[in-house]
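J.:
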Amino acid sequence: MARPLIAVATLGGTISMAPVDGGGAVPRFGAAELLGGLGDLPMDVLAETLAGIGSASLDFATLLRCRDWGLRQDADGFVVVQGTDTLEETAYFLDLHWPSDVPLVLTGAMRNAGLFSPDGPANLRNALTVAADPRSRGRGVLVTLNDDVHSARWVRKAHSNHLEAFSSMPAGPLGMVVEHAVHWFHPSPPRLPSLDGDDFGGLVPVVEAGLDDSGAVLSSVATQPEVRGVVVAATGVGHVSSGTADVISRLVPSLPVVVASRTGAGPTLRSTYGFHGSESSLIAMGATMAGWLDARKSRILLHALLAAGADRSRIEQEFRSRGDLD
Ligand code: ASP
Numbered sequence: 375m376a377r378p379l380i381a382v383a384t385l386g387g388t389i390s391m392a393p394v395d396g397g398g399a400v401p402r403f404g405a406a407e408l409l410g411g412l413g414d415l416p417m418d419v420l421a422e423t424l425a426g427i428g429s430a431s432l433d434f435a436t437l438l439r440c441r442d443w444g445l446r447q448d449a450d451g452f453v454v455v456q457g458t459d460t461l462e463e464t465a466y467f468l469d470l471h472w473p474s475d476v477p478l479v480l481t482g483a484m485r486n487a488g489l490f491s492p493d494g495p496a497n498l499r500n501a502l503t504v505a506a507d508p509r510s511r512g513r514g515v516l517v518t519l520n521d522d523v524h525s526a527r528w529v530r531k532a533h534s535n536h537l538e539a540f541s542s543m544p545a546g547p548l549g550m551v552v553e554h555a556v557h558w559f560h561p562s563p564p565r566l567p568s569l570d571g572d573d574f575g576g577l578v579p580v581v582e583a584g585l586d587d588s589g590a591v592l593s594s595v596a597t598q599p600e601v602r603g604v605v606v607a608a609t610g611v612g613h614v615s616s617g618t619a620d621v622i623s624r625l626v627p628s629l630p631v632v633v634a635s636r637t638g639a640g641p642t643l644r645s646t647y648g649f650h651g652s653e654s655s656l657i658a659m660g661a662t663m664a665g666w667l668d669a670r671k672s673r674i675l676l677h678a679l680l681a682a683g684a685d686r687s688r689i690e691q692e693f694r695s696r697g698d699l700d
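By the numbering used here, the letter at position 35 of the sequence shown is numbered 409, and the numbering carries on one by one without gaps.
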């Protein structure tokens, strides 16, 4: 059987880092060094170092360049290596913009090469396995760390430091890598069409609602001229204070406002509560509910839709289909 060809692009992150001169860990290793430690592989690998930075410094332009590089290689699978801090956002951004059935698999590491038991080599080896598995095709962007395989749609970094840092609660991981084979637990739902926007200028901030919240922060952030839309990380099932509700009602006629839950799990509701600032009152004002998407992924989706020129009704419809499960 022909060996699969896997393209690997590295962007930096802890997996590429080690301490220098007794100081903290900094990016030191590119694609060749990371792959060089894996020994003989059952696939052909074509690798490129595209960046060597902490993942908080990644941006949409770099990710689109990375996507284009991956598409150009015409490989059987594509692995992207980066820091774990923004990996959930990168995965979702790439998932929205990956037009191919070729598996795109992200990985990173929680422990740098200077610590005991660094997890980078095992994670990278697993990512190659997932990318080379023909059953990964058509599943969109996948993430593997700590032997779990997650879908971009659900994955989030749920612990700052632990090896088991990534969670797909409540959906659960799609599969697990065992003895260099993927054990799939779930089929993937049908993929929605990819987005093709290129106008990523402007800002889409996330503003968190909370106690003693007059709405003044939301108002001052959302009325900046660069702001094209705003995501409110609302309390509970999509609730804000009555002051914030007043601000949202003033913003909505001229600005898309998406309301997500700040809880980190569970959807926004649509029709359970009726007070001023409740989910149903915000919907009546014209706010868009994020459904099961958290505020971080909502920010990515809203910016991607605005970049693609989506109008208000398309934004509403896309959040319904990508954020709700009905
Ligand atoms: N601590 C981060 C990591 O896990 C650093 C980064 O995201 O680049 O890779």
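For each residue, glycine too, the CB sits at the ideal point set by N, CA and C.
(1) Hey, is Thr458 close to the ligand ASP, as in C-beta under 7 Å from one of its heavy atoms?
(2) With DSSP as the reference, identify every bridge partner of Phe452, one or two as the case may be.
(3) With a cut-off of 8 Å on the beta carbons, I'd call Gly426 and Gly457 a contact; round off their distance for me.
(4) Check the C-beta distance from Ala539 over to Ala545 and give it rounded, since I have them as a contact under 8 Å.
(5) For Ser562, which residues of its own chain have a beta-carbon under 8 Å away from its beta-carbon, when the five flanking residues on both sides are left out?
(6) Measure the beta-carbon distance from Ile389 to Met417 and round it to whole angstroms, keeping in mind my assumption that it falls under 8 Å.
(7) Taking 8 Å as the limit between beta carbons, can you name the residues of its chain near Leu537, skipping five residues before and five after?
(8) Could you give the distance in angstroms between the alpha-carbon of Leu654 and the alpha-carbon of Asp586?
(9) Are the beta-carbon atoms belonging to Ser491 and Asp459 less than 8 Å from one another?
(10) Would you say the region 663-679 touches the region 466-476, given that touching needs at least three Cβ pairs under 8 Å?
(11) Since I believe Gly576 is in contact with Val552 (beta carbons under 8 Å), could you give me their beta-carbon distance rounded to a whole number of angstroms?
(12) Can the beta-carbon of Leu607 be found closer than 8 Å to that of Arg565?
(13) Just tell me which of Gly386, Val595 and Trp558 has its CA closest to the CA of Val604.
(14) Whole angstroms is fine: what's the gap from Ala496's alpha carbon to Asp395's?
(15) Specify the secondary structure class of Glu582 as computed by DSSP and reduced to three states.
(16) Name the one or two DSSP bridge partners that Met391 has.
(17) Excluding five sequence neighbours on each side, which residues of the same chain lie with their C-beta closer than 7 Å to the C-beta of Ala639?
(18) Quick check on the DSSP output: the alpha helix (DSSP H) that includes Met659 runs from which residue to which?
(19) Spell out a yes or no on whether the region 396-411 and the region 433-451 are touching, meaning 3 or more CB-CB pairs, one atom from each, closer than 8 Å.
T.: Taking the geometry as given:
(1) It does: the Cβ of Thr458 is within 7 Å (strictly closer) of some heavy atom of the ligand ASP.
(2) Residue pairing by DSSP places Phe452 opposite Ala381 and Leu478 in a beta bridge.
(3) Wrong, their Cβ atoms sit about 11 Å apart, outside the cutoff.
(4) Not quite, the Cβ-Cβ distance comes to about 17 Å (not below 8 Å), so this is no contact.
(5) Excluding residues within five positions, the ones whose Cβ falls inside 8 Å are Gly512, Arg513, Gly514, Ser525 and Leu548.
(6) About 19 Å separates the two Cβ atoms, so there is no contact after all.
(7) Excluding sequence neighbours, Leu537 sits near Met484, Arg485, Asp493 and Asn520.
(8) Here residue 654 is Ser; the residue named in the question, Leu, does not match the sequence. Counting only the Cα atoms, Asp586 lies some 21 Å from Ser654.
(9) Going by C-beta atoms, Ser491 is not nearer than 8 Å to Asp459.
(10) Verdict: yes, contact present.
(11) Gly576 and Val552 do not touch by the CB rule: their CB atoms are close to 45 Å apart, not below 8 Å.
(12) It is Ala, not Leu, that sits at residue 607 in the sequence shown. In this structure, Ala607 sits away from Arg565, with a CB-CB distance that is not shorter than 8 Å.
(13) With distances taken between Cα atoms, Val604 lies closest to Val595.
(14) Cα-Cα distance, rounded: 26 Å.
(15) Residue state, collapsed to three classes: strand.
(16) Met391 is bridged to Pro401.
(17) Residues of the same chain with a CB within less than 7 Å of the CB of Ala639, apart from the 5 flanking positions on each side, are Met543 and Pro544 in chain order.
(18) Bounds of the alpha helix (DSSP H) holding Met659 are Glu653 to Met659.
(19) No contact exists between the region 396-411 and the region 433-451.
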